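Encoded as structure tokens, the structure appears first; notes follow it.
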Amino acid sequence: MAPSWRIAVGCDEAGISYKEAIKADLESDRRVSQVIDVGSFTGSDKTAYPTRAAAAARLVATGQADRALLVCGTGLGVAISANKIRGVRAVTAHDSFSVERSVLSNNAQVFVSLGGICSPKPRPSFIVSGIPEPDPYPTHPSILQTSPIYLLRRAGSVLFGDIAGSGRSLVGRPAEAPVTGRSSIIRSIIMSPPVAVSPPRQVDAPTKLLVKDTIGAWTDCSFAPIRESQVSRAMTRRYFADLDRYAESDVVIIGAGSCGLCAAYALGRERPDLKIALIEASVSPGGGAWLGGQLFSAMVMRKPADCFLRVIGVPFEDEGNYVVVRHAALFTSTLLSKVLEMPNIKLFNATCVEDLITRQTDEGVRVGGVVTNWTLVAMHHDDQSCMDPNTINAPVVISTTGHDGPMGAFSVKRLVSMRLIDQLGGMRGLDMNSAEDAIVRGTREVVPGLIVGGMELSEVDGANRMGPTFGAMVMSGLKAADEALKVLDQRRKQDTQ
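Take -13 as the starting number for the sequence shown in my numbering and just add one per residue.
What follows is the structure, given as structure tokens:
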């Protein structure tokens, strides 16, 4: 098997010499194809160890590295810091046995070597040596239900048969060659990039058992008493608190389709300090990502967008140059749930953007927020009057409203009517190979303060439509988030000058 391991390494200034020895050892290992050094690089570099730990952990979480090896005196602080990155499991490890058990029992991907208290210091090859022998299933009841190996075992002979017989994995990882036998299957799992696994349910028990433990018999079911006013206040108090909090946001995202949700996820995860308002005109967010083409269920994504599926824990079938999610709703519901659980993101659905807030600056006109209204109100502006809107200020707006339609391409059409751009290029005919590359590469700040991504961009640039393949929507959303952070950093530097 060709070398395929990508391992990130990092340390603080006290561990540089050991880290360099680690790099040399890993680079000489035939199983390692790339070593990614996140620092520190010199003894004068006083960057705090949590920064290095988080940098390496993010490489693993985003699929840019398969494992990470960090150096710390005790291993504790760095492991704690790496575990702050969503989807990462970091442990202290000093030999191949501890690596083996950490992977099999906890799906660990980041290992911290005890550089300060171990003598002699362990050779880093223990990471790639921690390959289990036959039947290494965890058996302790406290870890059984969260172990990915246990989850694979529960899938039964059909799953293992598909892996062994077709060279294709139903859990989101292509097998380079057909594998047979339990030992070979486990080995292929350990020696491949980890698949993100959705967290287990809080209560894993049959419904009847839950009902019996909670209420006894169905005839005894009775809900706790409540006044109608309590329900009203519980909703309105929280909603108006959100309106107040997000009236001044850091980023506003227009459109909660696949592209907008990916942008929100990336921003919320990367920068928990930012306030992100997500505006969706429909009652149900997700846009067209609830189904594939022609109302079919399956969702097709061309590579490299599969890396994002690994990050959020959506299983897929690998078909070579593309992957297939068995139902598009699985992708959208998973992504939506992860976005909504972030405390710094607020989704305002059934709310539309009616206009853009603009400011005249020395450099010209800059977008400085959005004008909002209830969608049902906006739909009746032609037959009703005096229905003024609300506003949200933000230094950066990301618009992902889709191609031309009832509310699609809203922002770029408004830019034309405000004479901030001359005209729209208009979306061209379907060409998947041309369209997806053009959308991702073209995602950018179209006018100061307004970043455009997804299919809305095709109306600006005259790009082709792509049809029922969703990879560009994912990658464009991630790039839009990256561009937004650049704009924010630039604005803050200007404000301090």
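Positions of the beta carbon are idealized from the N, C-alpha and C atoms, including for glycine. Note that the structure is a prediction, hence the values are computed from the model and not measured.
Residue range of the unbroken beta strand (DSSP E) whose run includes residue i
i, result
"residue 332", "331 to 335"
"residue 23", "18 to 23"
"residue 419", "That residue, residue 419, is in no beta strand (DSSP E); its alpha helix (DSSP H) goes 418 to 428."
"residue 378", "376 to 379"
"residue 227", "Counting along the chain, residue 227 falls outside any beta strand (DSSP E), though it belongs to the alpha helix (DSSP H) covering 214 to 232."
"residue -6", "-9 to -4"
"residue 58", "53 to 58"
"residue 14", "From DSSP, residue 14 is part of no beta strand (DSSP E); its letter is neither H nor E."
"residue 266", "262 to 266"
"residue 277", "Unbroken run through residue 277: none, as it is neither H nor E."
Residue i, DSSP secondary structure in three states
i, result
"residue 464", "helix"
"residue 478", "helix"
"residue 294", "helix"
"residue 323", "helix"
"residue 305", "coil"
"residue 354", "strand"
"residue 248", "helix"
"residue 340", "strand"
Residue i to residue j span [Cα, whole Å]
i, j, result
"residue 401", "residue 21", "46 Å"
"residue 456", "residue -9", "28 Å"
"residue 478", "residue 417", "40 Å"
"residue -7", "residue 268", "43 Å"
"residue 466", "residue 439", "6 Å"
"residue 40", "residue 256", "11 Å"
"residue 469", "residue 245", "14 Å"
"residue 480", "residue 306", "46 Å"
"residue 227", "residue 414", "43 Å"
"residue 294", "residue 48", "7 Å"
"residue 149", "residue 18", "Because residue 149 carries a pLDDT of 28, less than 50, the predicted location of this residue cannot be relied on, and no value is offered for it."
"residue 280", "residue 341", "32 Å"
Top-ranked residue by Cα proximity to residue i, from the options
i, options, result
"residue 487", "317, 382, 289", "The chain is shown only over -13 to 483; residue 487 falls outside these bounds and no answer can be derived."
"residue 380", "283, 44, 473", "473"
"residue 38", "2, 296, 291", "2"
"residue 92", "8, 77, 82, 405", "77"
"residue 321", "303, 309, 97, 297", "297"
"residue 313", "306, 307, 323, 302", "302"
"residue 50", "57, 66, 24, 447", "24"
"residue 351", "435, 56, 82, 235", "435"
"residue 389", "410, 334, 203", "410"
"residue 43", "34, 361, 309, -5", "-5"
Any chain C beta carbon closer than 9 Å to residue i
i, result
"residue 383", "Absence of chain C from the displayed structure is noted, only one protein chain being present."
Range covered by the alpha helix (DSSP H) that runs through residue i
i, result
"residue 67", "62 to 68"
"residue 385", "Element bounds for residue 385: not the alpha helix (DSSP H) but the beta strand (DSSP E), 382 to 385."
"residue 74", "Careful: residue 74 lies outside any alpha helix (DSSP H) and carries neither H nor E."
*Does the region 358 to 369 come close enough to the region 313 to 329 that 3 or more CB-CB pairs lie under 8 Å?*
Cβ pair count under 8 Å is below three, so no.
*Does the region 459 to 471 come within contact of the region 427 to 445, defined as at least 3 CB pairs closer than 8 Å?*
The region 459 to 471 vs the region 427 to 445: in contact.
*Is there contact between the region 254 to 270 and the region 280 to 290, where contact requires at least three CB pairs shorter than 8 Å?*
The region 254 to 270 vs the region 280 to 290: no contact.
*Between the region 8 to 16 and the region 66 to 82, do three or more beta carbon pairs fall short of 8 Å?*
Inter-segment contact for the region 8 to 16 and the region 66 to 82 is absent: fewer than three beta-carbon pairs are separated by less than 8 Å.
*Would you be able to state if there are at least three C-beta pairs under 8 Å between the region 371 to 386 and the region 232 to 239?*
Between the region 232 to 239 and the region 371 to 386, the count of Cβ pairs shorter than 8 Å is three or higher; the stretches touch.
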